[in-house]
Amino acid sequence: MTGNEAIAEGAIQAGCTFYAGYPITPQNELTAYMANHMQKSGGVFIQAEAELAAINMVFGAAAAGARAMTSSSSPGISLKQEGISYIAGAELPAVIANVMRGGPGLGNIAPAQSDYFQATRSGGHGDYHCLVLAPASVQESYDLTCLAFTLADKYRSPAIILSDGLLGQMMEPLLVRKEGKIELPAKPWALTGCTGRQANVVKSFYLKEGDLEKLNLKLQKKYKEIQQKEQRWEEFFLTDAKVALVAYGTMARIARSAVKVLREKGKKVGLLRPLTLWPFPKKAFTMPKKKYLVIEMSYGQMLEDVQLALCGKAGVEFLGRSGGGIPSEQEIIVKVNKIYHGKNI
Amino acid sequence: MTERIIIAGSGGQGIMLLGKIIAEAALLQGKFVTWLPAYGPEVRGGAAHCMIIIADDEIGSPFIDKADSLIIMNQLSLVKFKSRLKNNGLMIINSSLAKLDNKLKFKAAEGRCTDIAEGLGNIKAANVVALGMYLASKKIISVENTLGVIKKMAPQDKPELLKVNLEALEKGRELVKNG
Numbered sequence: 573m574t575g576n577e578a579i580a581e582g583a584i585q586a587g588c589t590f591y592a593g594y595p596i597t598p599q600n601e602l603t604a605y606m607a608n609h610m611q612k613s614g615g616v617f618i619q620a621e622a623e624l625a626a627i628n629m630v631f632g633a634a635a636a637g638a639r640a641m642t643s644s645s646s647p648g649i650s651l652k653q654e655g656i657s658y659i660a661g662a663e664l665p666a667v668i669a670n671v672m673r674g675g676p677g678l679g680n681i682a683p684a685q686s687d688y689f690q691a692t693r694s695g696g697h698g699d700y701h702c703l704v705l706a707p708a709s710v711q712e713s714y715d716l717t718c719l720a721f722t723l724a725d726k727y728r729s730p731a732i733i734l735s736d737g738l739l740g741q742m743m744e745p746l747l748v749r750k751e752g753k754i755e756l757p758a759k760p761w762a763l764t765g766c767t768g769r770q771a772n773v774v775k776s777f778y779l780k781e782g783d784l785e786k787l788n789l790k791l792q793k794k795y796k797e798i799q800q801k802e803q804r805w806e807e808f809f810l811t812d813a814k815v816a817l818v819a820y821g822t823m824a825r826i827a828r829s830a831v832k833v834l835r836e837k838g839k840k841v842g843l844l845r846p847l848t849l850w851p852f853p854k855k856a857f858t859m860p861k862k863k864y865l866v867i868e869m870s871y872g873q874m875l876e877d878v879q880l881a882l883c884g885k886a887g888v889e890f891l892g893r894s895g896g897g898i899p900s901e902q903e904i905i906v907k908v909n910k911i912y913h914g915k916n917i
Numbered sequence: 005m006t007e008r009i010i011i012a013g014s015g016g017q018g019i020m021l022l023g024k025i026i027a028e029a030a031l032l033q034g035k036f037v038t039w040l041p042a043y044g045p046e047v048r049g050g051a052a053h054c055m056i057i058i059a060d061d062e063i064g065s066p067f068i069d070k071a072d073s074l075i076i077m078n079q080l081s082l083v084k085f086k087s088r089l090k091n092n093g094l095m096i097i098n099s100s101l102a103k104l105d106n107k108l109k110f111k112a113a114e115g116r117c118t119d120i121a122e123g124l125g126n127i128k129a130a131n132v133v134a135l136g137m138y139l140a141s142k143k144i145i146s147v148e149n150t151l152g153v154i155k156k157m158a159p160q161d162k163p164e165l166l167k168v169n170l171e172a173l174e175k176g177r178e179l180v181k182n183g
């Protein structure tokens, strides 16, 4: 199964009953899979007329209490930002998958990680955050999509799956969970028809003085809780490492290969792989004696979060390419060797 | 064990499918496996390739820089990918559509896959002839598992297609076995 299909299957497994999307390479397998399977599983699939329509349909479905999802790739995700901001402002749960490609502009269709800032820094207007999860395998594309729905519901917040073209297109074996029906949380705030109860209101528009500030303070409190409770990461040969690589998604797989090669040569090198990009796993950066090497398919976006997490307590180096360029295992090994022998610090 | 395979040819030659058969057969043997296509505005007749990694351990990068095995189905792919084969790597080449020069730094198995497939009555089975050659050259995936995957993939309502493909596989294996 491809990574794209695994995201779709994960969503269905998680009880997603509403999907709206608009085609764009390299995420089309996701939309196609939903077209094939959504109805069979009792859900709704809509190929919308545009990205804006799709995200606003998700907005509506989420307001009605459904587990709702859309997906796209970089330029399409830019188009959805207005809707994502509205969903965050209305405190609705929704899942958005971004299978990143090269930018800026229409860019190309090669894999990239250049939407990190957009995903982790509230890509639309206003003071909000989305939960951002970064799978690095087909299995994780599935698992983290399930988790994204759980977290989105728990915090009534949009959650982003940040994948990339390579991960979306590749096939790997997938173990599908054989659980029966998932128990969905109650949503007493949803717009389900107010016969016999007081009407619920879902909105992001607050004109009365002080009301919007109240909403913002509530959001900030929620974001603080998320930052405390939901940081996730994986460590690979990290404890005794002199040089710690930091990478996520596809780049983390390539970094992992480099770590294996370097370990075989007796070099103490490890990998720290963030699973959540927001909240960024600051708690993992507790070993200031190391040297850190951040590797991205972009020109230094996660790099800033690593620098913030370390507050100048450790040296941070960077290796990145973008626009379709992918740092190779060999490039990483060369860079690590330089840092290891103190040539670059 | 890690086996890195690049398969390259022209769109319509069944390059992606050949990769999937190898990947699924390896999966049946309990191996870790990744399959990575070249994706994009690909068209019939344009360039196509995919990368398969088979390993005993978890696979890091699915991207292949230097391959252990290269399966080449046309001349354009030979030019594009021959430098990506490791020294002493294995090249399976469809000599109906690609010509090797004499300076070889690798093992090569040549077979007129396209002609053979045409002889069997279906030119599209050229990829499976190449698969047979690969199976006989490297014992990484078994014939039994490969047959299992092909039988599973073949459309039930067209038994003649399965027959041609099984013959194509056998012809490919014979080519290598008989040197």
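These protein sequence lines are chains A and B, in that order. Note that the first sequence covers residues 573 to 917 in the numbering used here. Note that the second sequence covers residues 5 to 183 in the numbering used here. Even for Gly, the Cβ is constructed at its ideal location relative to N, Cα and C.
Are residue i and residue j close, meaning C-beta to C-beta below 9 angstroms?
{"i": "A/TRP805", "j": "A/PRO757", "result": "no"}
{"i": "A/LEU705", "j": "A/LEU849", "result": "yes"}
{"i": "A/VAL710", "j": "A/THR574", "result": "yes"}
{"i": "A/THR642", "j": "A/ALA626", "result": "yes"}
{"i": "B/LYS181", "j": "B/ALA140", "result": "yes"}
{"i": "A/VAL748", "j": "A/GLN585", "result": "yes"}
{"i": "B/ALA29", "j": "B/THR150", "result": "yes"}
{"i": "B/SER81", "j": "B/ALA51", "result": "yes"}
{"i": "B/LYS35", "j": "B/ILE10", "result": "no"}
{"i": "A/SER829", "j": "A/GLN685", "result": "no"}
{"i": "A/PRO707", "j": "A/ILE732", "result": "no"}
{"i": "B/MET95", "j": "B/LEU104", "result": "yes"}
Residue i: which of the options sits nearest, CA to CA?
{"i": "A/VAL908", "options": "A/ALA638, A/ALA724, A/HIS697, A/GLY838", "result": "A/GLY838"}
{"i": "A/ALA592", "options": "A/HIS701, A/ALA640, A/CYS883, A/MET672", "result": "A/ALA640"}
{"i": "B/LYS155", "options": "B/SER146, B/ILE144, B/LYS167", "result": "B/LYS167"}
{"i": "B/LEU124", "options": "B/GLU174, B/LEU82, B/GLU114", "result": "B/GLU174"}
{"i": "A/LYS910", "options": "A/SER870, A/LEU716, A/TYR864", "result": "A/TYR864"}
{"i": "B/LYS24", "options": "B/LEU40, B/GLN33, B/ASN126, B/GLY13", "result": "B/LEU40"}
{"i": "B/ASP60", "options": "B/ASP69, B/THR6, B/VAL153, B/ASP119", "result": "B/THR6"}
{"i": "A/GLY696", "options": "A/LEU844, A/PRO745, A/GLY655", "result": "A/GLY655"}
{"i": "A/ASP725", "options": "A/LEU738, A/PRO745, A/GLU755", "result": "A/GLU755"}
{"i": "B/VAL153", "options": "B/ILE26, B/LYS142, B/SER14, B/ILE10", "result": "B/ILE26"}
{"i": "A/LEU817", "options": "A/ASN772, A/GLU901, A/PRO760", "result": "A/GLU901"}
{"i": "A/ALA720", "options": "A/LEU738, A/TRP761, A/VAL667, A/LEU810", "result": "A/VAL667"}
{"i": "B/ILE75", "options": "B/VAL132, B/LYS35, B/ILE127", "result": "B/VAL132"}
{"i": "A/ILE798", "options": "A/ALA827, A/TYR700, A/THR717, A/LYS814", "result": "A/TYR700"}
{"i": "A/THR811", "options": "A/GLU785, A/VAL841, A/LYS786", "result": "A/VAL841"}
{"i": "A/GLN599", "options": "A/GLY614, A/SER646, A/ILE618, A/ASP783", "result": "A/SER646"}
{"i": "A/GLY884", "options": "A/GLY897, A/TYR820, A/PHE857, A/GLU903", "result": "A/PHE857"}
Applying the criterion that 16 or more other CB atoms from any shown protein chain within 10 Å of the CB defines a buried residue, is residue i buried or exposed?
{"i": "B/HIS53", "result": "buried"}
{"i": "B/PHE85", "result": "buried"}
{"i": "B/MET157", "result": "exposed"}
{"i": "A/LEU678", "result": "exposed"}
{"i": "A/ILE917", "result": "Its pLDDT being 45, under 50, A/ILE917 is placed unreliably in this model, and the value from its coordinates should be taken loosely. Exposed, since its Cβ has fewer than 16 Cβ neighbours within 10 Å."}
{"i": "B/SER14", "result": "buried"}
{"i": "A/LEU664", "result": "buried"}
{"i": "B/LEU108", "result": "exposed"}
{"i": "A/GLU577", "result": "buried"}
{"i": "A/ARG769", "result": "exposed"}
{"i": "A/LYS862", "result": "buried"}
{"i": "A/PHE777", "result": "exposed"}
{"i": "B/GLY48", "result": "Residue identity check: residue 48 of chain B is Arg in the sequence provided, not Gly. Its Cβ having fewer than 16 others within 10 Å, B/ARG48 is exposed."}
Cβ of residue i within 8 angstroms of any heavy atom in the ligand ZN?
{"i": "A/ALA660", "result": "The model on display carries no ligand, and the ligand ZN is accordingly not part of it."}
Just to confirm the assignment, what range does the alpha helix (DSSP H) spanning residue i have?
{"i": "A/ASN670", "result": "A/ASN670 -> not in any alpha helix (DSSP H); beta strand (DSSP E) instead, spanning 666-672."}
{"i": "A/ASN608", "result": "600-609"}
{"i": "A/ARG825", "result": "821-836"}
{"i": "A/ASP715", "result": "710-727"}
{"i": "B/ALA42", "result": "Counting along the chain, B/ALA42 falls outside any alpha helix (DSSP H), and DSSP gives it neither H nor E."}
At which residues does the beta strand (DSSP E) containing residue i begin and terminate?
{"i": "B/ILE11", "result": "6-14"}
{"i": "A/SER735", "result": "730-736"}
{"i": "B/GLY93", "result": "89-98"}
{"i": "B/ILE57", "result": "51-59"}
{"i": "A/ASP812", "result": "Premise fails: A/ASP812 is in no beta strand (DSSP E) and is neither H nor E."}
{"i": "A/THR848", "result": "848-850"}
{"i": "A/VAL866", "result": "863-868"}
{"i": "A/GLU889", "result": "888-892"}
Name the chain C residues that come within less than 9 angstroms of residue i, Cβ to Cβ?
{"i": "B/GLY44", "result": "No chain C appears in the structure shown, which is made up of the protein chains A and B."}
Would you list, in chain order, the members of the stretch 7-40 of chain B that have their beta-carbon closer than 7 angstroms to a beta-carbon of chain A? ALA27, LEU31, VAL37, THR38, TRP39, LEU40
Got a sec: which bits of the stretch 840-871 of chain A sit with their beta carbon under 9 angstroms from any beta carbon on chain B, in order along the chain? Close to chain B, meaning a Cβ-Cβ distance shorter than 9 angstroms, is no residue of the stretch 840-871 of chain A at all.
Chain-ordered residues of the stretch 818-843 of chain A with a beta carbon less than 7 angstroms from chain B: ARG825, ILE826, ARG828, SER829, LYS832
Using a Cβ cut-off of 9 angstroms, which residues of the stretch 60-74 of chain B contact any Cβ in chain A, in chain order? ASP61, GLU62, ILE63, GLY64, SER65, PRO66, PHE67, ASP69
Could you list the residues in the stretch 633-655 of chain A with a C-beta less than 7 angstroms from some C-beta on chain B, going in chain order? none
Taking any Cβ of chain B, which residues in the stretch 709-737 of chain A have a Cβ under 8 angstroms from it, in chain order? GLY737
Which residues, in order along the stretch 883-906 of chain A, keep a beta-carbon less than 8 angstroms from a beta-carbon of chain B? ILE898, SER900, GLU901, GLN902
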